[in-house]
Structure formats: structure tokens, C-alpha cells
Amino acid sequence: MAPRFAFHASKFRNVECKQLPREQSYDGLQVTSALVEGNIVAAAVDKFAFAHQMDGGGTIQVKALTETGKSASMEPPLVRAHQNRVNSIEFSPFDSNLLASGSADATVKIWQLPANEPLTADLTVPAATFADAHSSVGSVKFHPSAQDIIAFYAHKELWIGDIETQTACFQVSFPEDTAALKDNICSLAWSYDSSLLLTTALDKRVRLVDPRVATTSASSSLLHTEAHTGRRPSSVTWCGRLEHFVTVGSDNMQERELKLWDPRNLSKHVARQRLDSSIGAMFPLFDDDVNLLYLLGKGDRSVRSFEIDGANARGGGLAICALDHSVLSNMTFAATMLPKQACDTSKCEVARILNLSTSGGGVCDVLSFQVPRKDAINAFQSDLYPDTKAFTPALTSSDWKNGNNAPPTLECVSPTATKTSVDTGVSAVFGAPSPWKPAASVSSGSGATTTWGSAWSSATPAAAAPAASAPVSTPSATATATAPSGWGASAPASWNAAPAAPSSTPSVPAWKATASVPKSQPVQWQTAVSVPVEQANDAAESGESGNMLSEKARRLGSKYGHKFKYIKGKQATRNELFNFGDRSVASSTIASPILKANANFWAVPITGAGGPVMVNRLTAAGRASTETPILNGHKYAVTDMDFSPFDDDRNLLATGGGDSVIQIWSLQENDVKSSAVAPVQTLTGHTKALRTVQFHPTASNVLCSSAQDLSIRLWDVEYGKEQVALTGKFDDMVWNMAFNDDGSLLATSSRDKIVRIFDPRRHDHALVAMGCGHDSGKPQFVTWIDSSASSKILTIGVNARNEKQILFWDPRNLVDPISRPVTIESTATSVVHYPFYDESSRLLFLVGMGDRHVQSYEIDPTSATAQANLPFAYTGQDPISGAALLPKRLCDVRNVEIDRILLLTPRVVDHVSFSLPRADTLKQFFQDDVYGLVQITKPSLIASEWFDGKNVSPARESLQPPGMVPLSEKPKDTVQARPKTLDFQAQLRQEDEEKRLKAEQFERLNTLAAQPSLHSINHGATKASMTAKEADSDDDWDD
1 MAPRFAFHAS KFRNVECKQL PREQSYDGLQ VTSALVEGNI VAAAVDKFAF AHQMDGGGTI
61 QVKALTETGK SASMEPPLVR AHQNRVNSIE FSPFDSNLLA SGSADATVKI WQLPANEPLT
121 ADLTVPAATF ADAHSSVGSV KFHPSAQDII AFYAHKELWI GDIETQTACF QVSFPEDTAA
181 LKDNICSLAW SYDSSLLLTT ALDKRVRLVD PRVATTSASS SLLHTEAHTG RRPSSVTWCG
241 RLEHFVTVGS DNMQERELKL WDPRNLSKHV ARQRLDSSIG AMFPLFDDDV NLLYLLGKGD
301 RSVRSFEIDG ANARGGGLAI CALDHSVLSN MTFAATMLPK QACDTSKCEV ARILNLSTSG
361 GGVCDVLSFQ VPRKDAINAF QSDLYPDTKA FTPALTSSDW KNGNNAPPTL ECVSPTATKT
421 SVDTGVSAVF GAPSPWKPAA SVSSGSGATT TWGSAWSSAT PAAAAPAASA PVSTPSATAT
481 ATAPSGWGAS APASWNAAPA APSSTPSVPA WKATASVPKS QPVQWQTAVS VPVEQANDAA
541 ESGESGNMLS EKARRLGSKY GHKFKYIKGK QATRNELFNF GDRSVASSTI ASPILKANAN
601 FWAVPITGAG GPVMVNRLTA AGRASTETPI LNGHKYAVTD MDFSPFDDDR NLLATGGGDS
661 VIQIWSLQEN DVKSSAVAPV QTLTGHTKAL RTVQFHPTAS NVLCSSAQDL SIRLWDVEYG
721 KEQVALTGKF DDMVWNMAFN DDGSLLATSS RDKIVRIFDP RRHDHALVAM GCGHDSGKPQ
781 FVTWIDSSAS SKILTIGVNA RNEKQILFWD PRNLVDPISR PVTIESTATS VVHYPFYDES
841 SRLLFLVGMG DRHVQSYEID PTSATAQANL PFAYTGQDPI SGAALLPKRL CDVRNVEIDR
901 ILLLTPRVVD HVSFSLPRAD TLKQFFQDDV YGLVQITKPS LIASEWFDGK NVSPARESLQ
961 PPGMVPLSEK PKDTVQARPK TLDFQAQLRQ EDEEKRLKAE QFERLNTLAA QPSLHSINHG
1021 ATKASMTAKE ADSDDDWDD
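Residue numbering for the sequence shown follows full-length UniProt numbering, beginning at 1 and increasing consecutively.
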């Protein structure tokens, strides 16, 4: 007798639904909110489409699957499809550029999308139109095997259209008997071999009909039965190769239910599964390859998965086995399943579903169904991936209309490739903008891709399907494209085998002449290039990226991820601090760090007549005295300063003041010791107070300045001449500016909330790009975060909700940020955070002016993400009024000191050292996983060369001390392995000893038990006492 309870021994019993992170989904889609009848989302192997809210829901937006994240706020190019709401859309199973739409305006239209490129303008002219319906079209379904055949219904009408001839070739008329259609059709599906068309209607019946058979007065050509007893709309779908179909509806108690049917016997359902009491219509999505069914309900927040299997069925039939029930973050409005070629086989992903929701203006979540297996990353799990539907039709339209049937053409599932491609350089200004690359997903140098990226790499269909066992028809060769380069090389030979000769070859319409099999659109990942240290200068001269780590260092970073999570700042001792004494630091009403430093000196504006600036050596400590050098060359307070980045005897310092004058100082050793220092150059040209001054990073004697006269000027410091003046480019004051790696571009942020990119030497055409920055008018700052050709910029600012955020931008396209914002503070404060970026280690320090904290973030320029380190890398005792990041070469590399920062408080100049904890056994090695190359302190150009248009990337060098071995070359620790036989022998000896002790204890107890004295009741009595006892016997007593 069979057991009453049986376990479902299936390889899919542990399938689980994983909702991909938000940055890998789609947000801000502007989905229509109209009351639609069908499914308004469809997907191909490389794109998906949904009904847009424009024109009352009569438009369609097509979006590439690689365009994840938040959509741009501007209106995208749309398919201006219908004059009324769109009820259903679907992609052709053979051409991802062919889209069908059905609408409430009683028309079905076929749209030919551009091949291998996105829409750049609204599409208004359809490739074909069917206007045979007399009422609202509820659903459209492409034929699964034949090309150019589509089915659609409108209330009680069922039509079959031929796209090639743009005519309705069949109209199904239901007989007037027991099979009569008494109410509107509510769902439509094709059988697997395309011989039958299934419909469900509001009269609670399911019907199976061959639309090619002429309808008679009887229902001999029609199979029908009552599917559900409830009055709510039902849905139907065919179960692939199982020769069964499922319906989803409600019973007479209005509870939703799932039923499995055998079309050869419709008298009773094969299996039934009770679902719940919700009221939304269900979207059944069936995977023909592995016989898995996925159910999502309109208005629900969950997804169910079932397996149609015969292992647990009674009587040898099929059964419905529930697998997984997962909660979703957004309510379902429509859902569709992607082709199997879009799944990531390295994660045992058996299905990928798009869940479209109207929440938050329109969100499309990506649901990944995976079967957990340990060795999935190393070996292709072929048992999970049987042959799947190919992108090649098995029949032509004329073949099917003449009565031929054939199942879909199949092909092998190609394992997901995990290659990474390096993005090459761009032009001097910028080329085309790169797409948003999802965060949390890129491992620098690890060879891994994101979930989407790895899937797209194997998403391109094969050129032709494998040869079928039965002769089938094939469409014209012009409708079948060859595989793109790079795919056919790795495809099995059987993939390119041509099927049997077609019985007929129809001509291809002119509008399909350019139709092609969809090509994949892999995400172009950018990874740092590793070069030997001794080639750093050559790499810099050739324009290559200078921020380079060794190959093993990058692997270590990829393996362990967050390298700087535990970075910590340490304050110098009191004896090492510099105290201003009776002096006081000048307060600035303009957001600025006001403290500047180079490898030898620091400078701070102080209070006093004019604009005095106190300078001192970095090693200076103690209390300020009358001998402390003071620079005084302005009539009004100094607003900004900057040291030259080059290490020479001059130690040039530029100061800009409220008197609209720039003074250049040379802090030579003898001059600093004297009490009076005179400026070596005076630059005049601005008409209002200076705002910022900054030296060029690669060219000597080049200074850039901005002022409240809304101009930017470039100076040749050596000759004291103004070379470039950019006027009329700003509407308000500039907050800060930053040169890129080679100094060819200048990024600015201003009070008018605009971020601008300039090529300052182009004069009238200097503005390269501009875009809206942060929403608030509070100070916002910009800095470059990558030295590669495709570098990015980072901005710090406040949004409309008074949240301080970090935004990443592609300077080639400043329309929208390229990743989601990173929130620094979610509450409104008056603290201004100024960014200091360490390009070598990719660390961002945020110093709060007026705050006591220093925050740090680890930046990944490739994926445009920021990971917060410890909550506060440093917390001081006094409010911070200024800061300066010292040159990297001053760090103590042997003790893993990452950075040094000078912090200015009202009374002292504080030295803070940021170090990374490492084991003592590792400190003897150079930590090349956290120390990249640093820029040398010699200029690459002179001023005249740069002003003439020449660009040279800065040369770089390694911080590795002589004789210190890099950590990546550390030999593996050899631990003498203990033979297992010794452990086994020791265990045997221990067991024998325990047995011996137990045996001794048992023997001792047996010996004690055998002694007769232990059992005698007179134990211990003498002979005399025994005699006396006998004498006192009761027998001696008389009555």
C-alpha cells in the first residue's frame, strides 16, 4: 500500500524567487493607469515594452533591458499606437523588432522597431493594421510556430490575421448550440503544435477550436466545457509538450482556483489547486522547457510557482505541485516572462519575469527564479536547461493556413558567458555617453558581471534551429539573420544545420526587409588596467589610466570587497599641535575650507587689517609668536587660496581676496623665516571679489580663478598675464571648480544649481556639457573621481527634502545621474560637507564645516557607487572650520597610513592620521591592494604648451618603499599538515583507555558485590553477643 504522505522528489522543489536589487530594475516608467483588459507588458530577448500614460494609455514605450535604474524625467520616444487605451501588446517570437498591439479603438497594429538601436523619435506609422474588429480588442497572440500569423479577439469575435498580406484570413464563428458563445471572451492561447486555439469567456466555459476548420451548424469541430463556476474572468494557457492546459478562475464561493485539464477528456479536470480569495485577474506564465507555472495576480503582492508533474499523481496522470510562494515589494499590474536565452545559467536561473507596477509612477521589478546548486558557477547544469524555443519559425503562414501543424523549432541553451570587456578611450572632449551600469554588481578585475550583464552575453539567438526529426517548413532566408560576430564561433555545429526544405516560400514584404534576429546588448564594463610600476611614466605619456593596482591586488579587493570599512582617524598628540594663541582664524561667509597645505607649508587666513594669511611649516608646533610669518597683500579678507601641486623651491601660493586681486607668493626658506614677505606677482582682471583659485594639475604656472563677477579666468603666472576669460557662462556665483586628470576639462558647480563642464581653451565654445545638479540652493561641490578616459564626476549637495546626497554623473551626459544617490544625512542641518578625494586609494572624505566629524566613503568609479566606512572615521572635540588633504607621499606606508588631513579649529591646526588596521605579520609587506599609483610632483607641460592645446596625462609613481615586497607577491603560508593517521590512532588510543577504565570500574563493583559480609545482617557482631542473644530467646519466657 502506498504511503499516505509522499515527498515531492523534484529537482525544482527548492526553486526560489529572488527580486533583483532596485538598481537592476526599472523605475520612473510612467505606466498607464487606464483600466485595461489584457496584459500591457511584453518582453523580447533584448527589450521590453509597456503601455505608457501619454494619450490616455494609447502609446507604448520600448526600453532596452540594459537600461536599468531610474528613467529620465523627460518624455522618451514613444510608439504613438492608438487613439484609445492599449489593452494588449506582444513581441513576435521570431523577431524582437516586431511588436503587436491591440486597443480599445477596435484595431490591431503591427510595429516594426529599428533594428539594433533604440527609438530616437516617435513611431507613428504601423507596418500593418487590422481593423476587422467591431469592438474593443482584448488580447493579441502571435502564432508560436508559423511566421506572420496573429490571433486576436474583440468581445465575442475571434480573428486570425496574416501580417504578410495584412488581411484577416480566418474568423471563428461559434455554433448556435450548447457551445454557443454567450458572453465576451476574456483570454486566448495557442496549443503547443499550433493546431488549436484556446479561449475562456465570461460564460464560465473554455473552448478549443481549430480556426482553419469551417464552422458548421453543429459543434463537431469545437471542444468545450465549464471551466469554473465563479463569475470572475478566467485565464488559460497551454502546458507545452504535456498536451494539457491550465485555467485560472474562481469557484462559486468566489475563491480563486487553478485547474489542470486534458483536452482529450474535458468531462472533469485532472487536478485542482485552491489559491485564495483575492479578486484580481491572474497572469499564468508557463515555462514549456521545464514544465513550471508561475502565477501573478493583478493587484497582488505575491508570486506563486508550481510544477506540472506526474511523479505524485494518482493513476499515472499529471498533478499540480506547489513549489514557492514569495512576497513582492510592489503590486502587480501586468507581468511577462523573458525568453530562456535571457536567463543567467551560472546562477541556475530557470526563469526571469518582469513585474510591472503603477506604484511610484511606474516600476518594473525583475524576478529571478533560481535553483540553488553549489557547483553552478563551475559547471553548466544541463538537466535544468533542456532545449528551448529558437528564434526561427517552423512554418510559413501559407503552410499553416493549408493545414500543416508543427511544434516550435528548438535549440540548445547556451551557457552564460562571464567575460568582461574593457571600455576604450574617448575623444578629447567626449564621445557618446555610456549607459547606466548597475551598482552592487561590478567587481573590479574579478571577471564577474552583473546579473543583467551576464545574461545578455548569451542572449543572442542562434542563426538557425537544429534539424527537426520531422520535416517542417521554413520561411524565406531573408527573414532569417545570421548570428552576430562572436556568437557563432562558440555555437555547436548542429545549431547551424538547416532544417528540411520548406514546402513553400512566401515573399517578404518590403517593410520586413530590414527585420533581423535580435542582437544582444551587453553592458560595457570598465575595469582598471594593471601595469608594472616601472611602466607608470610610459603609461602616463600614452594617455593610459594612472590609477592602477596590481592584478592580485584587484583580485583581493574583489574577493574581500569593502577594503576600507574599518579605516580610523587618529589625532596627533598635544605636543604636535599648532595653537594660534592670541590670533584668531578669519571666518568666511562663503563655503570654503579656507585651510590650504602642500608637502611643506600650510596657510590660513586670520583676522586683521586687510587680508592677512598666516603660513607655517607642517612640522611647526606649539604656540604662535610674533615671529610666525604673515602674508599681507590684500585690502580685504582673503576668500580662497591654493598651493602649486609641483614640488620645487618656490612653493607657489595663490591668494584671492575681496579686493578682486590675486597675489602670487613664493614661500622660500629664507623668506618664510623673515617677518615680511612680498608677493612675486599680482594678477588683476576680475571686477568683483574672488571666489575660487586653483592651479592646473599638469601644466606649470597655470592658474584658474572664478569671482563674483560670474567669470572664469585663466592666467599665466610666470608672466602675470590673463590668457583666457570666460564670461556670460553663469547666472550665479560659482561654488567650486575642479580640473580633470590631464587638465583638459574643468567642472564647476554654482549657486544656480547647474553643473557645467568646460574646455576652457575653446573660448567661445568652451561649454561642453551642462545639467541640473542638486535641487537645493545650498552649497554644492564637484570633483572628478577617475583618471581614465571615461572618467566621472561626483557632486555633494542637498535635495529638495533637505537630504545631503552624493550623486555620480557621466560628464558626457549631465541630464540625469548615472546611479542612485547616496544619502549622507537625512535631516536638515546647517553643516556644509566639503569633499576631499584621494584618487590613489579611491577614498572620499567629507569634512563637515561647523561639525566635529569626518566621514569617509570607498568609491568605485566603474560602477559609480559609494560605500560608507565606519559611521565616523574621525570625531573631534571642537567644530571644524577648515581642512586640507596632504600629499599622499607623506603617509607612513609601512604602518598602512592611508591619508593625512589637517583640520582647522578656532584655536589649533590639528594633524589627523587615517590608518587601516592590518596584522603585524602583513605590515612587513607593501599593501598594494590599497595603495595605487600617485602623481609625481613634476609638471608634464609648461604654460605655453597647454594654452596652445596640448594635453598630457600626469606621470605617476608607486609608493612602494625600496626592499618592501608587495602583498600580492607574498608567498603562501606553508603549514605542516598533520597526517590523518596520527589523529585516527590517537582517537583509537583514547577509546581503548575509556574502555579499560570502564572495565576496571565494573570489575571493582563485582568484587565488592561478591563479599559475604556485605549480605549478613549481623555484620560486625561478636560471638559473645550472639550467645547472649540466643539466651534471651522468647522460648525461655512463661505465660
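Cβ coordinates follow ideal geometry from the N, Cα and C atoms, glycine included.
All of these numbers come straight from a predicted model, not from anything done at the bench.
Tell me the rounded alpha-carbon separation between L933 and S958. Numbered from 1 along the sequence shown, position 933 holds the residue referred to as residue 933. Numbered from 1 along the sequence shown, position 958 holds the residue referred to as residue 958. Each residue's CA atom was taken as its position, placing L933 and S958 some 5 Å apart.
Compute the Euclidean distance between the alpha carbons of M331 and F306, then round it to the nearest angstrom. Locating residue 331 in the sequence shown gives position 331, where the first residue counts as 1. Locating residue 306 in the sequence shown gives position 306, where the first residue counts as 1. C-alpha separation (whole angstroms): 21 Å.
For L870, report the span of its alpha helix (DSSP H) as first-last. Translated into the one-based positions of the sequence shown, residue 870 becomes position 870. For L870, there is no enclosing alpha helix (DSSP H), as DSSP gives it neither H nor E.
Return the Cβ separation of N736 and S749 in integer angstroms, given the expectation that the two are a contact with Cβ distance under 8 Å. Here residue 736 corresponds to residue number 736 of the sequence shown, with the count starting at 1. Here residue 749 corresponds to residue number 749 of the sequence shown, with the count starting at 1. Between S749 and N736 the Cβ distance is about 6 Å, and since that is below 8 Å, they are a contact.
With DSSP run on the structure shown, which of helix, strand or coil describes G360? Within the sequence shown, numbered from 1, the residue matching residue 360 stands at position 360. The answer is helix: DSSP assigns G360 an H, G or I state.
Considering only the beta carbon of each residue, do H696 and W946 sit closer than 8 Å? Residue mapping note: residue 696 aligns to position 696 of the sequence shown, counting from 1. Residue mapping note: residue 946 aligns to position 946 of the sequence shown, counting from 1. Yes, the pair counts as a contact, with Cβ atoms nearer than the cut-off.
Ignore the nearest five residues each way along the sequence and tell me which others in A180's own chain have a CB closer than 7 Å to its CB. Against the sequence shown, residue 180 aligns to sequence position 180. The answer, listed in chain order, is F174.
May I ask which residues mark the beginning and end of the alpha helix (DSSP H) holding S397? In the sequence shown, residue 397 corresponds to position 397, counting from 1. Residues S397 to K401.
List the whole-angstrom C-beta distance separating V677 from I664, where the pair is believed to meet the contact cut-off of C-beta under 8 Å. Looking up residue 677 in the sequence shown gives position 677. Looking up residue 664 in the sequence shown gives position 664. Actually they are not in contact, since the Cβ atoms of V677 and I664 sit about 12 Å apart, beyond 8 Å.
Nearest-angstrom Cα distance between C364 and N87? Numbered from 1 along the sequence shown, position 364 holds the residue referred to as residue 364. Numbered from 1 along the sequence shown, position 87 holds the residue referred to as residue 87. Our two residues, C364 and N87, have alpha carbons roughly 18 Å apart in a direct line.
Considering only the beta carbon of each residue, do I163 and I89 sit closer than 8 Å? On the sequence shown, residue 163 is found 163 positions in, with the first residue counted as 1. On the sequence shown, residue 89 is found 89 positions in, with the first residue counted as 1. Contact: no.
Leaving out five residues before and five after N598 in sequence, what residues of the same chain have Cβ atoms less than 6 Å from its Cβ? Here the question's residue 598 lines up with position 598 in the sequence shown. Answer for N598: F643, listed in chain order.
Under 8 Å between C-beta atoms of Q171 and W190: Indexing the sequence shown from 1 puts residue 171 at position 171. Indexing the sequence shown from 1 puts residue 190 at position 190. Contact check for Q171 against W190 fails: the beta carbons are separated by 8 Å or more.
In chain order, what residues of the same chain have a beta carbon less than 6 Å from the beta carbon of V724, not counting five sequence neighbours either side? The residue you call residue 724 lines up with position 724 of the sequence shown. Contacts found: L714 and P760.
Run through DSSP, which three-state label would R301 get? Here residue 301 refers to the residue found at position 301 of the sequence shown. The answer is coil: DSSP assigns R301 none of H, G, I, E or B.
Below 8 Å between beta carbons: does that hold for F845 and V831? As a position in the sequence shown, residue 845 is number 845, starting the count at 1. As a position in the sequence shown, residue 831 is number 831, starting the count at 1. The answer is no: Cβ separation not under 8 Å.
With a threshold of 6 Å on Cβ separation, who are the neighbours of A489 within its own chain once the five nearest residues in sequence on each side are excluded? Reading the sequence shown from its first residue, position 489 is the one you call residue 489. Because A489 carries a pLDDT of 33, less than 50, the predicted location of this residue cannot be relied on, and no value is offered for it.
Grouping DSSP H, G and I as helix and E and B as strand, with all else coil, what is F947? Reading the sequence shown from its first residue, position 947 is the one you call residue 947. In the structure shown, F947 sits in a helix (DSSP, three-state: H, G or I).
Here's a check: name, in chain order, each residue in its chain whose Cβ is nearer than 6 Å to the Cβ of M282, leaving out the five neighbours to either side. Here the question's residue 282 lines up with position 282 in the sequence shown. Same-chain partners within the cutoff: S235, V248, L295 and G297.
With a threshold of 6 Å on Cβ separation, who are the neighbours of T783 within its own chain once the five nearest residues in sequence on each side are excluded? In the sequence shown, counting from the first residue as 1, residue 783 sits at position 783. The residues A738, L794, P835 and Y837, in chain order, have a CB closer than 6 Å to that of T783 in the same chain once the five nearest residues on each side in sequence are set aside.
Rounded to whole angstroms, what's the CA-CA distance from V290 to S278? Just pull it up for me. For the purposes of this step, residue 290 is taken as residue 290 along the sequence shown, with counting starting at 1. For the purposes of this step, residue 278 is taken as residue 278 along the sequence shown, with counting starting at 1. C-alpha separation (whole angstroms): 28 Å.
Three CB pairs or more closer than 8 Å across the region 378–394 and the region 355–370: Contact between the region 378–394 and the region 355–370 is not established, with fewer than three Cβ pairs separated by less than 8 Å.
So F50 and L65 are in contact, right, with Cβ under 8 Å, and what is the actual spacing, rounded? By 1-based counting over the sequence shown, the position of residue 50 is 50. By 1-based counting over the sequence shown, the position of residue 65 is 65. Rounded, the Cβ-Cβ distance is 13 Å, inconsistent with contact.
Entirely enclosed beta strand (DSSP E) segments - the region 663–704, minimum 3 residues: For the region 663–704, the full-length beta strand (DSSP E) segments reaching 3 residues or more read 681–684 and 690–695 along the chain.
Where V125 falls, given that 16 or more other Cβ within 10 Å makes a residue buried: One-based indexing of the sequence shown puts residue 125 at position 125. By the neighbour-count definition (other C-beta atoms within 10 Å, threshold 16), V125 is an exposed residue.
N-terminal and C-terminal residue of the beta strand (DSSP E) that D324 is part of: Indexing the sequence shown from 1 puts residue 324 at position 324. A319 to V327 is the span of the beta strand (DSSP E), which, as asked, contains D324.
Between the CA atoms of I606 and L904 - distance to the nearest angstrom: The count along the sequence shown starts at 1 and reaches residue 904 at position 904. The count along the sequence shown starts at 1 and reaches residue 606 at position 606. Cα-Cα distance, rounded: 12 Å.
Going by Cα to Cα distance, which pick from A943, V693 and P811 is closest to Y719? Within the sequence shown, residue 719 is the residue found at index 719, counting from 1. Considering only A943, V693 and P811, the residue with the shortest C-alpha distance to Y719 is A943.
Can you list, in chain order, the residues of its chain whose CB lies under 6 Å from that of R918, leaving out five sequence neighbours each side? Taking the sequence shown and counting its residues from 1, the one referred to as residue 918 is at position 918. Take R918, set aside five residues on each side of it, and the residues of its chain with a beta-carbon closer than 6 Å to its own are V896, in chain order.
Classify H130 as buried or exposed, calling it buried when 16 or more other Cβ atoms lie within 10 Å of its own Cβ. Taking the sequence shown and counting its residues from 1, one reaches residue 130 at position 130. The question names His, but residue 130 is Phe in the sequence shown. So F130 counts as buried.
Please report the straight-line C-alpha distance between S584 and P971, rounded to a whole angstrom. What you label residue 584 is simply residue 584 of the sequence shown in a count that begins at 1. What you label residue 971 is simply residue 971 of the sequence shown in a count that begins at 1. Distance between the alpha carbons of S584 and P971 is about 54 Å.
Would you decide whether H224 is buried or exposed? Buried here means 16 or more other CB atoms lie within 10 Å of its CB. Walking along the sequence shown from the start, residue 224 turns up at place 224. By the 10 Å Cβ count, H224 comes out buried.
Residue interval of the beta strand (DSSP E) (run including D732): Reading the sequence shown from its first residue, position 732 is the one you call residue 732. Premise fails: D732 is in no beta strand (DSSP E) and is neither H nor E.
Buried or exposed by the 16-neighbour rule on C-beta atoms within 10 Å, applied to E858: Your numbering for residue 858 matches position 858 in the sequence shown. Answer is buried; the Cβ neighbour count reaches 16.
Who are R13's beta bridge partners in DSSP? Residue mapping note: residue 13 aligns to position 13 of the sequence shown, counting from 1. DSSP, once it has assigned bridges, lists no residue as partnering R13.
Let me confirm a value: P779 is counted as buried when at least 16 other C-beta atoms fall within 10 Å, else exposed. Which label applies? Counting from 1 along the sequence shown, the entry for residue 779 is found at position 779. The residue in question, P779, is buried, as its Cβ has 16 or more Cβ neighbours within 10 Å.
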